[in-house]
Amino acid sequence: MNVYNSPATPTFRSSYAAATAASSPLCLDCNESSRGYPECSSVPHGDSTRVLNFMNDDEVTPGYVASGSATQRAGDAELVHARDRIATLSAENQELRRESKELRRQLSRVSHSSGAWDRLRRYFNVPAGYDDDALISKLDKYKSDNRSLRQHLTDLEHSSQSHIAQLEKDVWAERALRQSSQDLLHVRTQELNDAQMYLSKTDSISIEDLKETTKSLNSEIFQTAAFMTDTLDFSKPSAAIDEAIVQRATQWLSRGLVDLLMNDQDPDTREILITAGIQASFVQSCVAIVQVWGVDYQVSASIASLYDQIRLSNSPSIAGRWRAMTRHQSKYVHADKCKRLAAEALIDNLLTVLPLMGWSAANPKADLQELFGRRITDMANLVVSLDRSMGEDMISEDIKLAMVHYGDPADDNLMEDLYGTKRVRKRDTVVCTCELGLYNGRIESGDAGSTVGQVLLKPKVVLLSALKPVRGVRSKK
296 MNVYNSPATP
306 TFRSSYAAAT
316 AASSPLCLDC
326 NESSRGYPEC
336 SSVPHGDSTR
346 VLNFMNDDEV
356 TPGYVASGSA
366 TQRAGDAELV
376 HARDRIATLS
386 AENQELRRES
396 KELRRQLSRV
406 SHSSGAWDRL
416 RRYFNVPAGY
426 DDDALISKLD
436 KYKSDNRSLR
446 QHLTDLEHSS
456 QSHIAQLEKD
466 VWAERALRQS
476 SQDLLHVRTQ
486 ELNDAQMYLS
496 KTDSISIEDL
506 KETTKSLNSE
516 IFQTAAFMTD
526 TLDFSKPSAA
536 IDEAIVQRAT
546 QWLSRGLVDL
556 LMNDQDPDTR
566 EILITAGIQA
576 SFVQSCVAIV
586 QVWGVDYQVS
596 ASIASLYDQI
606 RLSNSPSIAG
616 RWRAMTRHQS
626 KYVHADKCKR
636 LAAEALIDNL
646 LTVLPLMGWS
656 AANPKADLQE
666 LFGRRITDMA
676 NLVVSLDRSM
686 GEDMISEDIK
696 LAMVHYGDPA
706 DDNLMEDLYG
716 TKRVRKRDTV
726 VCTCELGLYN
736 GRIESGDAGS
746 TVGQVLLKPK
756 VVLLSALKPV
766 RGVRSKK
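If you want it as structure tokens, here you go:
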């Protein structure tokens, strides 16, 4: 706004020019002769400070003071009014400067925004002259689509997280089900394996192996008996034998064999009878060791009876597997103890027979253990091994030890003569069994069931015909 174009300015100019015509007043801003303010080419310029300083009473020219009191009062009023106006214009000038600076900043932002619009046009391939409103509308649509896509992605994330959580639960449930199935499969597999053990007829030993073990045991029995015959002194008269010993020997062997051992004094047959008697005691002990099912004889009898019932109602493989497991648990769970008990049984049973032959000692059991302990231990080990092979390793068949008792008729289909030919005379009778045999005991179907024996290895016996007639021999068992 021009200061000199205000309504109050002409009056101020005419009065001031008349009062200061002689002093050639200067321009308020450029300090040059103005010859009246309208002619100054630089109006308006300068600041209000100079104008105010110029208007001080001390700087008024003498000609202005001499113009008269009325004129002076009018000039003073105009001067005061001019000073107020100048202050107002100065404040308006400062406000205009601030507005100018603000317009410059807005212009700079507009220029920058114009560059941003140009970049947006190039990004969205907007042709030149395209309406900015349409561009803004299109941009808003892109923003809306973007928000929709973000919301859709958020929904998908929540949905996928829920789905993943459900899948994890399903996986854990499936794992638990699979683990349960595996456990059940393991149990069923074990059951099938156990059942297979019962149903399988696979044997871990052959019949020929059993025959060889039996022959080795017979050889050990014969060698031990022959060694005892040559080592021990059988010169004690039979009349000095206690009747209690005779009773025990009769229960162990038979009355006929006991009478032969006590009454036969023929040098030609005496040695045969002594050796045969010792062998018969060992054979009888081996059969007793194999037949028992445990160290407790009452329990053993019950188990044996139960086994006979199982054989009648089940197949040989099931009965054989039951027999194998039962004998292992009831008898051979402590194999070393069984061997020790078997050796003691061999010696104890022999001590009931040797006095009948004329042998005596102050400490008979200790003497026998000292002289023949190693051989008897070897014999006991062979008996235990044969027993376990027949009872635990042979599943498909029920193999048993075979022996013949005193007085049984001779039969070459069932036995062999120890001192004669393989064929025996039918009218002959058996004195004792000196070597063990083997037979397969099978159950025939029937009301009560009967055992049919198939001889696998014939036992060897001493026939009565091999001995000369001995006075006092009884014919009964």
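Start counting the sequence shown at 296; every next residue gets the next number (this note's numbering).
Backbone N, C-alpha and C fix where the C-beta goes; we use that ideal spot for every residue, glycine too.
Here the structure is a predicted model, which means the values were calculated and not measured.
Asked, Found
"By how many angstroms is the C-alpha of D379 removed from the C-alpha of R368?", "17 Å"
"Helix, strand or coil for L434? Go by DSSP, reduced to three states.", "helix"
"Round the Cβ separation of I569 and T519 to the nearest angstrom and send it over; I've been treating them as touching at under 8 Å.", "Their Cβ separation, rounded to whole angstroms, is 13 Å, which puts I569 and T519 out of contact at 8 Å."
"Which term fits T647, buried or exposed, when burial requires 16 or more other beta carbons within 10 angstroms of its beta carbon?", "buried"
"Which same chain residues, not among the five before or five after S499, have their C-beta less than 7 Å away from its C-beta?", "D688"
"With a CB to CB cut of under 8 Å and the five nearest residues on each side skipped, what residues in its chain are close to A656?", "D662"
"Spell out the partners DSSP gives G370 in its beta bridges.", "In DSSP, G370 forms no bridge with anything."
"Please report the straight-line C-alpha distance between R470 and S691, rounded to a whole angstrom.", "43 Å"
"With a CB to CB cut of under 7 Å and the five nearest residues on each side skipped, what residues in its chain are close to Y627?", "C633 and R683"
"Whose CA, out of L696, S549 and S457, lies closest to the CA of V725?", "S549"
"Mapping the DSSP letters down to three states, classify Y602 as helix, strand or coil.", "helix"
"In terms of residue numbering, what span does the beta strand (DSSP E) encompassing I694 cover?", "I694 to A697"
"In angstroms, rounded to a whole number, what distance separates the CA positions of Q491 and D703?", "43 Å"
"For E538 and L512, I'd like the C-alpha separation in whole angstroms.", "32 Å"
"May I ask which residues mark the beginning and end of the alpha helix (DSSP H) holding E730?", "E730 -> not in any alpha helix (DSSP H); beta strand (DSSP E) instead, spanning V725 to E730."
"Ignoring anything shorter than 3 residues or poking outside the segment 523-587, list the beta strand (DSSP E) runs there in chain order.", "none"
"So, under 8 Å CB-CB, V679 and A599 are touching, yes? Tell me the CB distance rounded to an integer number of Å.", "Actually they do not touch by this definition, with Cβ atoms about 18 Å apart."
"Taking just the CA atoms, how far does L555 sit from Y714?", "17 Å"
"Among the residues of its own chain, which have a CB less than 6 Å from the CB of K755, if the five just before and after it don't count?", "E711, L713, C729 and E730"
"Grouping DSSP H, G and I as helix and E and B as strand, with all else coil, what is N735?", "strand"
"Have a look at Q446, S608 and Y602 and flag the residue whose alpha-carbon is nearest the alpha-carbon of W617.", "Y602"
"Using the Cβ count rule (16 or more neighbours within 10 Å means buried), how would you classify N644?", "buried"
"In terms of DSSP beta bridges, what is Q749 paired with?", "N735"
"I need the boundaries of the beta strand (DSSP E) containing V757, first residue and last residue.", "K755 to L758"
"Given a threshold of 16 other Cβ atoms within 10 Å of its Cβ, counted over all protein chains shown, does W467 qualify as buried or as exposed?", "exposed"
"What would DSSP say about D707, mapped onto helix, strand or coil?", "coil"
"Quick one: using the 10 Å Cβ neighbour count with 16 as the cut-off for buried, is M652 buried or exposed?", "buried"
"Taking only the alpha-carbon atoms, compute the straight-line gap between L479 and R606 and give it to the nearest angstrom.", "32 Å"
"Could you check where the alpha helix (DSSP H) with H623 kicks off and where it finishes?", "P611 to S625"
"Measuring only the C-alpha atoms, how far is L552 from Q574?", "12 Å"
"Could one say the Cβ of E469 lies closer than 7 Å to chain B's Cβ atoms, at least one of them?", "The chain inventory of the structure shown lacks chain B, comprising one protein chain alone."
"To the nearest angstrom, how far is the alpha carbon of L593 from that of V587?", "For the sequence presented, residue 593 should be read as Gln rather than Leu. C-alpha separation (whole angstroms): 10 Å."
"CA-CA distance, A637 and R622?", "16 Å"
"Using the Cα positions of M557 and L751, report the straight-line distance between them to the nearest angstrom.", "34 Å"
"Apply the 10 Å Cβ neighbour rule to G589 and answer buried if 16 or more other Cβ atoms are within range, or exposed otherwise.", "buried"
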